[in-house]
Ligand code: CA
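Numbering (this note's numbering), first residue to last: 34 to 260.
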């Protein structure tokens with residue numbers, strides 16, 4: 034059972050969202066204010082948190098959750114674009130955010146990604162292998178044959194996500210979200226740069242790829258075998 038704490042005081046948003054989450058199989062615990070949510074943190078798997086709450090500012094709610102030592106993923110709902118800077122800049126401990134108005138499908142995709150990132154799936158993907166490349170997720174180490182790859186944190190995450198879905202195309206937006214955890218619209222060049230650095234470390238050639246294939250207009254695919 035996956036418990037989602039939904040902290041949103043606007044019923045026009047909270048009610049349809051609660052219905053959609055319930056349809057997805059989550060157990061929703063709705064709260065219209067911050068204190069109620071803070072009093073209900075046991076066995077929570079994900080927090081969806083509105084910033085504009087009637088009692089406690091959403092960022093403070095996020096901070097208080099973190100100050101209790103809880104690692105639960107927090108997805109922020111924000112109505113104002115200038116709040117996004119706060120969410121990102123103040124390091125309140127949020128994992129991702131969506132701006133209102135949002136599409137339900139988009140929000141549910143974020144929820145799934147966050148739960149996958151931190152959830153019980155991790156043991157299944159503790160070791161990821163394709164061709165001679167291996168990622169030990171728990172130890173945060175990556176190898177090509179017997180050689181350990183010296184990767185930055187972002188390169189490691191990028192490789193991890195590509196390897197997890199090896200053989201399939203991983204969309205640019207998915208990569209941006211899972212590796213950078215932010216709105217994918219901003220920094221698509223960043224993604225291309227990191228793919229290029231990762232290729233270099235793997236000794237791969239973008240024009241004749243052995244490992245990472247560019248799928249135009251979509252994303253990237255880590256090849257399971259040389260075709
Ligand atoms: Ca609100």
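In this text, a Cβ means the ideal position worked out from N, Cα and C, and glycines have one as well. Here the structure is a predicted model, which means the values were calculated and not measured.
Consult DSSP for residue i and reduce its assignment to one of helix, strand or coil.
{"i": "residue 14", "result": "Beyond the ends of the chain as shown, which are 34 and 260, falls residue 14; an answer cannot be given."}
{"i": "residue 204", "result": "strand"}
{"i": "residue 257", "result": "coil"}
{"i": "residue 252", "result": "strand"}
{"i": "residue 178", "result": "coil"}
{"i": "residue 97", "result": "helix"}
{"i": "residue 223", "result": "helix"}
{"i": "residue 194", "result": "helix"}
{"i": "residue 54", "result": "helix"}
{"i": "residue 134", "result": "coil"}
{"i": "residue 264", "result": "A query on residue 264 cannot be resolved here, the shown segment of the chain reaching from 34 to 260 and no further."}
{"i": "residue 74", "result": "coil"}
{"i": "residue 39", "result": "strand"}
{"i": "residue 91", "result": "helix"}
{"i": "residue 235", "result": "helix"}
{"i": "residue 209", "result": "helix"}
My understanding is that residue i touches residue j, with C-beta atoms under 8 Å, so please give their C-beta distance in whole angstroms.
{"i": "residue 175", "j": "residue 189", "result": "6 Å"}
{"i": "residue 212", "j": "residue 234", "result": "Going by Cβ atoms, the distance from residue 212 to residue 234 rounds to 16 Å, so no, they are not a contact pair."}
{"i": "residue 194", "j": "residue 252", "result": "About 10 Å separates the two Cβ atoms, so there is no contact after all."}
{"i": "residue 161", "j": "residue 196", "result": "4 Å"}
Across which residues does DSSP place residue i in a beta bridge pair?
{"i": "residue 44", "result": "Paired residue(s): none; residue 44 is not in a bridge."}
{"i": "residue 167", "result": "162 and 176"}
{"i": "residue 107", "result": "80"}
{"i": "residue 128", "result": "Answer by DSSP bridge pairing: none, since residue 128 is not bridged."}
{"i": "residue 245", "result": "255"}
So with Cβ pairs under 8 Å, would you call residue i a contact of chain B?
{"i": "residue 64", "result": "No chain B is present in this structure, which holds just one protein chain."}
Any 3 or more C-beta pairs closer than 8 Å across the segment 96 to 109 and the segment 45 to 64: Segments in contact, no.
Stretch pair the segment 162 to 173 + the segment 72 to 82: three plus CB contacts closer than 8 Å: Segments in contact, no.
Stretch-stretch touch, CB-based, cutoff 8 Å, three pairs: the segment 82 to 96 with the segment 36 to 52: Enough Cβ pairs lie closer than 8 Å, so yes.
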